[in-house]
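Numbering (UniProt numbering), first residue to last: 1 to 501.
Quick reminder that beta carbons are idealized off the backbone N, C-alpha and C, glycines included.
First up is the structure itself, then whatever we jot down about it.
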């Protein structure tokens, strides 16, 4: 196939895909705009005032999404139509040679990933800033300070690069030296990395971004442990995630693998947990402060006598910091209005157990394993397609790269990007839609699992409270929802749960 034919065919598909996404978003936006009054079908789910707030919030989010998508479309088209990939690769290779004269393709690829990741983060930062400090803050969700915002993004970028660059280097080495079956070796290596990450992420990476504290001994903890025992779930640890320093959005989730499982409850204080549970957390915090203060006073008195052992004990007590921030610390100087506090009503213990019963359903019904199997198949298939196309000279020349005889060899990383982003685009669109269909079925199945344990009424009320806390709007265009939402709308889930009440 001629390079021009390849180029314009791929760009035409990108235009069609973008137009389809815009069409779906316009359908959803139009539904929100014309539904000015609460429909009778959702009266049991949301109050009139909450409906108005959720509608305004969702309209603001979608309006901003249109602007963001338009910017990304223009930027993407410039890179595409101006065939900037060769220029970007040449620039990154020049930087790599300046830093390390005589370096090869692997080091050039690492520099490419580093510089492109930094550039993408810098470009997206203003949009993220506006979303966080204008839209999210306007509706009472944002709890980030400006210093925390930049620190958090820098940390995410640093961790991402620290993890991705060695993987890129390994992948390129395998492809270059793996022979005809390199796609199998690359798939095996990446699969091992995925499984290793399942073990190290909960213990070492996730705590870098959020504070994980053991759930205090309470009625809620005993109920969750009883639920885990009932379904033979190997519960290793039970944590509360202090998400309130970032946002007041609430959720519950489980992660881990095989015997390394965790339940995690996000959005503590004013969101997911009940007022009684919040009081227990505050009490634990005050007790921790009191112990810490006494330890400091004791240390000050005894350090004058050179008591090293006492000093060490006091240092150990420093680790027993309060479980969570106080309301004043949590707000970071921002006042929480009475309206916000009323919205963040939290769940009672039985509702939390019902929601976690839903999460247990995913585990019991092997949904995570099914999605992992799909991921593994997709990875192997993508690498196989790459092995077929990456030596096609016309693909590289279509995007402005010189013929192979004018340079040593075509860059493997660029081949991965071109094939993964453009050649595989139709398949990726289909796969995304198929995964949505699967995950929606999984959500209904997990709801049924929780309901068969006797939690249907509490799961319904818990879903309502989650929607209220997160300002979810329980109306959706059916086509937009079917193509974009991995979770069915709350009204559909509640309708399915009625048979269990």
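Alpha carbon of residue i to alpha carbon of residue j, nearest angstrom
i           : j           : result
residue 184 : residue 56  : 50 Å
residue 119 : residue 88  : 11 Å
residue 16  : residue 381 : 24 Å
residue 453 : residue 462 : 15 Å
residue 100 : residue 86  : 21 Å
residue 214 : residue 228 : 16 Å
residue 398 : residue 409 : 16 Å
residue 440 : residue 488 : 6 Å
residue 424 : residue 468 : 39 Å
residue 346 : residue 198 : 30 Å
residue 4   : residue 379 : 29 Å
residue 482 : residue 105 : 43 Å
residue 132 : residue 181 : 46 Å
residue 504 : residue 368 : Because the chain in this structure spans residues 1 to 501, residue 504 falls outside the shown range and cannot be described.
residue 225 : residue 219 : 10 Å
residue 41  : residue 437 : 24 Å
residue 37  : residue 135 : 22 Å
residue 174 : residue 165 : 14 Å
residue 431 : residue 484 : 12 Å
residue 419 : residue 396 : 10 Å
residue 196 : residue 163 : 12 Å
residue 200 : residue 208 : 12 Å
residue 352 : residue 466 : 10 Å
residue 63  : residue 283 : 43 Å
residue 365 : residue 371 : 12 Å
residue 147 : residue 433 : 38 Å
residue 137 : residue 54  : 14 Å
residue 355 : residue 216 : 19 Å
Residue of the options minimising C-alpha distance to residue i
i           : options            : result
residue 450 : 9, 41, 494, 24     : 494
residue 363 : 208, 96, 353, 231  : 231
residue 14  : 352, 478, 357, 421 : 421
residue 445 : 357, 431, 467, 379 : 357
residue 387 : 416, 375, 378, 377 : 416
residue 238 : 222, 435, 51       : 222
residue 349 : 458, 242, 394      : 458
residue 59  : 80, 139, 20, 109   : 139
residue 127 : 65, 174, 142       : 65
residue 471 : 211, 448, 50       : 50
residue 499 : 478, 92, 448       : 448
residue 234 : 177, 360, 216      : 360
residue 203 : 224, 236, 460      : 236
residue 32  : 21, 226, 61        : 61
residue 149 : 163, 74, 129, 164  : 129
residue 402 : 36, 83, 374        : 83
residue 20  : 69, 492, 1         : 69
residue 45  : 496, 474, 151, 486 : 474
residue 114 : 476, 28, 157, 35   : 157
residue 10  : 71, 76, 465        : 76
residue 400 : 90, 52, 26, 67     : 90
residue 375 : 491, 194, 389      : 194
residue 172 : 34, 355, 108, 27   : 108
Run of the beta strand (DSSP E) containing residue i, from where it starts to where it stops
i           : result
residue 238 : 235-242
residue 390 : Counting along the chain, residue 390 falls outside any beta strand (DSSP E), and DSSP gives it neither H nor E.
Supposed contact pair residue j and residue i - C-beta distance, whole angstroms, cut 8 Å
i           : j           : result
residue 413 : residue 168 : 7 Å
residue 170 : residue 189 : 6 Å
residue 95  : residue 111 : 5 Å
residue 24  : residue 480 : 5 Å
residue 18  : residue 142 : Going by Cβ atoms, the distance from residue 18 to residue 142 rounds to 30 Å, so no, they are not a contact pair.
residue 240 : residue 205 : That belief does not hold up - the Cβ atoms of residue 240 and residue 205 are roughly 18 Å apart, past 8 Å.
Range of the contiguous alpha helix (DSSP H) that encloses residue i
i           : result
residue 61  : 48-81
residue 23  : 3-34
residue 213 : Premise fails: residue 213 lies in the beta strand (DSSP E), 211-214, not in any alpha helix (DSSP H).
residue 364 : 349-364
residue 440 : 425-450
residue 183 : 182-200
residue 469 : 456-469
residue 473 : Looking at the DSSP string, residue 473 is not in any alpha helix (DSSP H), and its letter there is neither H nor E.
residue 37  : Run containing residue 37: none; DSSP gives neither H nor E here.
residue 226 : 219-230
residue 495 : 490-497
residue 417 : 412-418
residue 481 : 478-484
is_contact[residue i, chain C] using C-beta, thresh 9 Å
i           : result
residue 228 : This model lacks chain C altogether, as it is built from one protein chain only.
*Taking the runs of the alpha helix (DSSP H) that are 4 residues or longer, which of them lie wholly in the segment 94-174?*
Fully enclosed alpha helix (DSSP H) runs of 4 or longer: 105-130.
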